[in-house]
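Peer 1: Read left to right, the sequence shown gives residues 2 to 265 (the numbering used here). Cβ coordinates follow ideal geometry from the N, Cα and C atoms, glycine included.
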Amino acid sequence: MAKILSIVGSYRKNGNTARVLNLLHEDILNKAERENISVEIETVFLGEFNLNPCRGCRCCFDRGEDTCPLGDDDLNTLFKKMHAADGLIIATPVYVNDVSGLVKTWMDRLAFACHRPQFHGKSALVVSTVGTGIHGYTQDVLAAGITSWGYHLSGKLGITGGALTPQADLAARYQKPIHRAAEKLVTDIQKENHLRPSLRSLVTFAVQQAVWQRHQDEDTVDARYWHEQGWTKPSTRFYLPPRTQPIVILLTRAIGRAIARFIA
Ligand SMILES: Cc1cc2nc3c(=O)[nH]c(=O)nc-3n(C[C@H](O)[C@H](O)[C@H](O)COP(=O)(O)O)c2cc1C
2 MAKILSIVGS YRKNGNTARV LNLLHEDILN KAERENISVE IETVFLGEFN
52 LNPCRGCRCC FDRGEDTCPL GDDDLNTLFK KMHAADGLII ATPVYVNDVS
102 GLVKTWMDRL AFACHRPQFH GKSALVVSTV GTGIHGYTQD VLAAGITSWG
152 YHLSGKLGIT GGALTPQADL AARYQKPIHR AAEKLVTDIQ KENHLRPSLR
202 SLVTFAVQQA VWQRHQDEDT VDARYWHEQG WTKPSTRFYL PPRTQPIVIL
252 LTRAIGRAIA RFIA
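(1) Below 6 Å CB to CB, which residues in the same chain sit around Leu71 once its five sequence neighbours on both sides are set aside?
(2) Which residue spans inside the segment 75–145 form an unbroken beta strand (DSSP E) run of at least 3?
(3) Counting along the chain, where does the beta strand (DSSP E) carrying His153 start and finish?
(4) I need the boundaries of the beta strand (DSSP E) containing Lys4, first residue and last residue.
(5) Can you look up Thr188 in the DSSP assignment and give me helix, strand or coil?
(6) Glu41 bridges to which residues according to DSSP?
(7) Does the structure place the segment 223–232 close enough to the segment 145–152 that three or more beta carbon pairs sit under 8 Å?
(8) For Phe46, which three-state DSSP category applies?
(9) Just checking Ser11 against ligand 1 - is the residue's beta carbon closer than 7 Å to any of the ligand's heavy atoms?
(10) Which of helix, strand or coil does DSSP assign to Ser236?
(11) With three or more beta-carbon pairs closer than 8 Å as the criterion, would you say the segment 204–218 touches the segment 169–176?
(12) Considering Cα atoms alone, identify which of Thr237, Pro94 and Glu229 is closest to Leu158.
(13) Does Leu196 come out as helix, strand or coil in the three-state DSSP assignment?
(14) So the alpha helix (DSSP H) Ile264 belongs to, where does it begin and stop?
(15) Quick one: grab the DSSP three-state call for Glu34.
(16) Can you tell me which of Val204, Gly122, Thr139 and Lys177 puts its alpha carbon nearest to the alpha carbon of Leu241?
(17) Measure the C-alpha to C-alpha separation of Lys105 and Arg262 and round it to an integer number of angstroms.
(18) Could you pull the start and end residues of the alpha helix (DSSP H) that Val63 belongs to?
(19) Is the CB-CB distance between Ala112 and Cys69 below 8 Å?
(20) Regarding Pro167 and ligand 1, is the C-beta to nearest heavy atom distance less than 7 Å?
(21) Could you tell me which of Glu36, Leu6 and Leu126 sits nearest to Lys81, measuring between CA atoms?
(22) Quick test of your reading: Ile90 and Val45, contact by CB under 8 Å. State the CB separation rounded to the nearest angstrom.
(23) Out of Thr18, Lys4 and Arg13, point me to the one whose CA is closest to Ser129's CA.
(24) What number of angstroms, rounded off, separates the C-alpha of Arg13 from the C-alpha of Lys185?
(25) Output the distance between the C-alpha atoms of Glu43 and Ala255, rounded to the nearest integer angstrom.
(26) Less than 8 Å between the CB atoms is what I'm expecting for Arg258 and Ala211, so what's the real figure, rounded?
Structure, rendered in structure tokens:
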């Protein structure tokens, strides 16, 4: 059974973003039925969760996420749902060329996972909807965030929908890209394509590995985490053993080590 957590980053429960997700879910479930795969989708509306904005106290970075002073809100519930799923769809309306405030709060509160990646082994699809503008920056923010948490980036889907577009019109206009994104996400989960990381993910891992190898004797939450995962061992090539050609590992590792020289 593959589980997908689908997060709607808009307060509008029947807005463009939710409508695009309805279409995506339909295509995902159709593929699952066609190919006799068991897929379960859980949709959550971020607006229904009590998420307080990060205050920048750094407790999660320095003492562990369990010490967050905002810990009695709903972040932990979401965090557990993310861990329980094999795949993630994170969808946001574009607000002033960026993710919505709801999504930014969710990302900021999970910033500790950039230091201690924990969603390796999972694939994620990034979705944005705009009135008339551009998707690039918003999708880059989302993609950079989730890949630094360890997710395999399955794809990016951008939909232009004005203020509010009927679902049937969205379906007619965006049938192909929605279908492609749905098929790719299911395939990535099913074929474990997170074990075929992108060059960027391999370089990011190599940079972090070189930095934590340098700091491995430090008694910090981050250094301990990297050590306990076995990621500071020279033989470790990625969060999980990748199906990647050794030459590619050598190359990305060399690039990562060169970049790591400029990081304290
Ligand atoms: C506060 C606010 C800011 C917005 N900023 C932009 C923007 O910068 N560029 C754009 O093309 N559309 C912008 N829009 C339009 C929304 O991105 C677009 O209508 C989106 O599909 C709404 O999704 P929803 O119905 O799921 O909330 C904005 C809408 C709001 C309410």
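Peer 2: Reading from the atomic positions:
(1) When the five nearest sequence neighbours on each side are left out, the beta carbons in the same chain lying within less than 6 Å of the beta carbon of Leu71 are those of Asn53, in order along the chain.
(2) Fully enclosed beta strand (DSSP E) runs of 3 or longer: 88–94 and 124–131.
(3) That run of the beta strand (DSSP E) goes His153 to Thr161.
(4) For Lys4, the enclosing beta strand (DSSP E) starts and ends at Ala3 to Val9.
(5) Thr188 carries a helical assignment under DSSP once its states are collapsed to helix, strand and coil.
(6) Listed as beta-bridge partners of Glu41 by DSSP are Lys4.
(7) Fewer than three Cβ pairs drawn from the segment 145–152 and the segment 223–232 lie within less than 8 Å of each other, which leaves the two stretches out of contact.
(8) In the displayed model, Phe46 falls within a strand according to three-state DSSP.
(9) Yes, the Cβ of Ser11 comes within 7 Å of a heavy atom of ligand 1.
(10) Assignment of Ser236 by DSSP, reduced to helix, strand and coil, places it in the coil class.
(11) Contact between the segment 204–218 and the segment 169–176 is absent: fewer than three C-beta pairs spanning the two stretches fall below 8 Å.
(12) Put simply, of Thr237, Pro94 and Glu229 the residue whose alpha carbon is nearest the alpha carbon of Leu158 is Pro94.
(13) Note: Leu196 maps to helix in three-state DSSP.
(14) Taken as a continuous stretch (DSSP letters only), Ile264 belongs to no alpha helix (DSSP H), as it is neither H nor E.
(15) The DSSP-derived three-state label of Glu34 is helix.
(16) Leu241 has its Cα closest to that of Gly122, out of Val204, Gly122, Thr139 and Lys177.
(17) Between Lys105 and Arg262, the C-alpha separation is close to 30 Å.
(18) Correcting the residue identity first, residue 63 is Asp in this sequence and not Val. Per DSSP, Asp63 belongs to the alpha helix (DSSP H) from Cys60 to Arg64.
(19) No, Cβ-Cβ distance for Ala112 and Cys69 is not below 8 Å.
(20) No, the beta carbon of Pro167 sits no closer than 7 Å to any heavy atom of ligand 1.
(21) Checked all of Glu36, Leu6 and Leu126; the closest Cα to Lys81 is Leu6.
(22) Rounded, the Cβ-Cβ distance is 10 Å, inconsistent with contact.
(23) Scanning Thr18, Lys4 and Arg13 for the CA closest to the CA of Ser129 turns up Thr18.
(24) Taking the straight line from one Cα to the other gives about 27 Å.
(25) Distance between the alpha carbons of Glu43 and Ala255 is about 40 Å.
(26) Your pair Arg258 and Ala211 checks out as a contact, with CB atoms roughly 5 Å apart and the cut at 8 Å.
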